[in-house]
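Okay, so here's the structure we're looking at.
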Amino acid sequence: MSHVAEPRKKYETWRSTSDISFTVKHSYAYMNHFTYLVIACMALSIMVAGCVQPSTTPSIPVPTSVTPVTPLPSATPLTDPALLGTWYLKAMTGPGGSSPVQTISPQMDATFSGQGDISGFAGCNHYSGQYILTGEALPNGWGISVGPVLSTLMYCAGTSDIEARFLSSLQNATSYSVTGDTLTITDHHGGALVFQRTAYGPTAVPRGL
């Protein structure tokens, strides 16, 4: 009986040793697998973190104080007291004094205001517009520009041609001069409009050109 028990005891001892060895190896393999899994998860986390850009909060502009702009005072238009008031047309001439036309009937006039307005009667229609004194000294007087001029649209036989010539010369004015009670406005063609201060009466005769 003792001879039979001995091999069994050795077998049980070997089996116990084998079981322990297997358990140790299995535990070691499991630990290695777990370690690899942890490392893989860490590597994946690092890769994901590297791919995801951190969200940035959009910057909000800080309002800055704005200095109010003070508008510059508008330039005061030039005025000439000698020009202001109403003038009555007595003659028109072409370039260099050619083609003089005396104009006393119907009475044509021009009124200059201190605010840069011009208005009057052109023989058939009333007109109005603006004028500017440039202050420039020119051969025929001082610089002036007139226009645009607007007028009513009536037609009057016998006066429309003279009226058109008058308004054209007025809108093309380049200079003016005042001598006594006579105003002369010269246009860029060299034509002139000659006015006087006194209105014509029913029997008035123009005092020369």
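Sequential numbering of the sequence shown, starting at 62, is according to this note's numbering.
No residue lacks a Cβ here, since even glycine has one placed at the ideal position from N, Cα and C.
For residue i, count neighbouring C-beta atoms within 10 Å of its own C-beta (all shown protein chains included) and say buried if the count is 16 or more, exposed if not.
i    : result
T220 : buried
R226 : buried
G50  : Absent from the structure is residue 50, since the part of the chain shown begins at 62 and ends at 270.
T84  : Any answer about T84 is weak, because its pLDDT of 49 lies below 50 and its placement is not dependable; what the coordinates show is given next. Classification of T84: exposed, given that the 10 Å Cβ count is below 16.
C185 : buried
G158 : exposed
L139 : exposed
L144 : buried
G181 : buried
A198 : exposed
A218 : exposed
Excluding the five sequence neighbours on either side, which residues of its own chain have a C-beta within less than 6 Å of the C-beta of residue i, listed in chain order?
i    : result
H249 : N233, T235
S162 : Before going further, note that residue 162 is Val rather than Ser in the sequence given. Cβ neighbours of V162 beyond the five flanking positions: M153.
T147 : D170, T172
L231 : V207
T213 : N186, H187
Near residue i, which residues of its chain fall below 7 Å by C-beta distance, leaving aside the five closest residues on each side in sequence?
i    : result
L211 : Y188, S189, G190
S160 : T154
G251 : P156, G157
Q176 : none
H87  : Note on H87: pLDDT 49, under 50, position unreliable in the model; the coordinate value appears next. Cβ within range, chain order: n/a, list empty.
N26  : Residue 26 lies beyond the stretch modelled for the chain, which goes from 62 to 270, so this question has no answer here.
Under the assumption that residue i contacts residue j (Cβ atoms under 8 Å), give the Cβ distance between them as a whole number of angstroms.
i    : j    : result
Y237 : I223 : The Cβ separation is near 21 Å, so there is no contact.
I179 : L194 : That belief does not hold up - the Cβ atoms of I179 and L194 are roughly 11 Å apart, past 8 Å.
A260 : Y192 : Rounded, the Cβ-Cβ distance is 21 Å, inconsistent with contact.
A183 : L244 : 16 Å between Cβ atoms; not a contact.
Leaving aside the five residues before and after residue i along the sequence, list all residues of the same chain whose C-beta is less than 8 Å from its C-beta, in chain order.
i    : result
G196 : L139, W203, G204
Inter-stretch contact at 8 Å, needing at least 3 Cβ pairs: the region 245-259 / the region 150-167: yes
Unbroken beta strand (DSSP E) runs of length 3 or more, entirely within the region 185-242: which are they? 187-199, 202-207, 234-240
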